[in-house]
Amino acid sequence: MGASVLKLRFYGDPILRRRANEARAFDDALRDVADAMLATMEHEEGVGLAAPQVGLDLRLLVALAMKEPGDEEAEPVVIVNPEVLARSRDSWVYEEGCLSIPGVRGDVTRPERITLRYHDVDGAEHTLEAEGMFARILQHEIDHLDGKLFIDYLSTADKTLIKPKLRAIAKLNHE
Ligand code: CO
C-alpha cells in the first residue's frame, strides 16, 4: 500500500504565513510524514512541497533534484531543518508557480546557486551545493518554512493583477 495523499492548504490559510518549527525527533512518525509528502507531491505533479502546505508545522520539504525545467529523470529528495549557508551573487529569473496558489504564475529572481546544510529523514547531517532549477526549487520551498510565498517577490503591477485570483483561491480552504 502506498503512502496516503495529504490535503493541500491554499493561499489565505494562516499556516502558510508562519515560521515552521524544527523537526526534533527523527523517528517513524517523521518518516511517515516524508513518505506522505512525497506521495502528495507526485499526486499533485509538483516539483516541490513544504510541510506547511499540507498543514504541518515542521521544517521539512520534499523536492525534485531537477537539472533543468521539465527534467523527467529528477530524483526526489527529503530535506529536514535546512539552513542556507551561502547564496551566489548571480541570479536568474524564472516564472514560478505554487501548489498552494493554483493558476497563478509570476517571474521571480533568485540566486543561481546555494549551499545548504540539512538533515535527512534519519537525522544524518549533509551539505549540498545546488544550482539552477534545483537551487530554485529549494529556495522556494525553504521560503515556505519561513512563511514566505513566491508572490511576495512579484512587482507591484503583477501583485495588483493577481489580486482577484488570490481572493478566489483563499475560498478553496473552506471547500
Ligand atoms: Co510553493
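If you count the sequence shown from 1, you need to add 1036 to reach the working numbering.
Cβ atoms here follow ideal geometry from the backbone N, Cα and C, with glycine treated the same way.
Quiz prompt | Neighbourhood of Cys1134 by C-beta, 7 Å cutoff - its chain only, sequence neighbours within 5 removed | solution = Sequence index remark: in the sequence shown, residue 1134 carries index 98 (1-based). Once the five neighbours on either side are set aside, the close Cβ partners of Cys1134 are Leu1185 and Phe1186.
Quiz prompt | Buried versus exposed, by CB contacts within 10 Å (16 or more), Val1098 | solution = Within the sequence shown, residue 1098 is the residue found at index 62, counting from 1. Result: buried.
Practice problem: Can you grab the Cα-Cα spacing for the pair Ile1150 / Glu1132, in whole Å? | Solution: Here residue 1150 is taken as the residue at index 114 of the sequence shown, counted from 1. Here residue 1132 is taken as the residue at index 96 of the sequence shown, counted from 1. Linking Ile1150 to Glu1132 through their CA atoms gives a straight-line distance of about 18 Å.
Quiz item: According to the neighbour-count rule (16 or more other Cβ atoms, all chains shown, within 10 Å of its Cβ), is Gly1139 buried or exposed?
Solution: In the sequence shown, counting from the first residue as 1, residue 1139 sits at position 103. Answer is exposed; the Cβ neighbour count stays below 16.
Exercise. For Arg1149, write down the residues that DSSP places opposite it in a beta bridge.
Key: Position 113 of the sequence shown holds residue 1149. DSSP, once it has assigned bridges, lists Glu1167 as partnering Arg1149.
Practice problem: Let me know if Leu1042 comes out buried or exposed under the rule of 16 or more other beta-carbons within 10 Å of its beta-carbon. | Solution: One-based indexing of the sequence shown puts residue 1042 at position 6. Buried, by the Cβ-count rule.
Exercise. With a threshold of 6 Å, establish whether the CB of Phe1170 neighbours any heavy atom of ligand 3.
Key: As far as ligands go, the structure on display features ligand 1 and does not contain ligand 3.
Quiz item: Can you tell me the Cα-Cα spacing of Ala1122 and Val1129, whole angstroms?
Solution: What you label residue 1122 is simply residue 86 of the sequence shown in a count that begins at 1. What you label residue 1129 is simply residue 93 of the sequence shown in a count that begins at 1. The straight-line gap from Cα to Cα measures roughly 19 Å.
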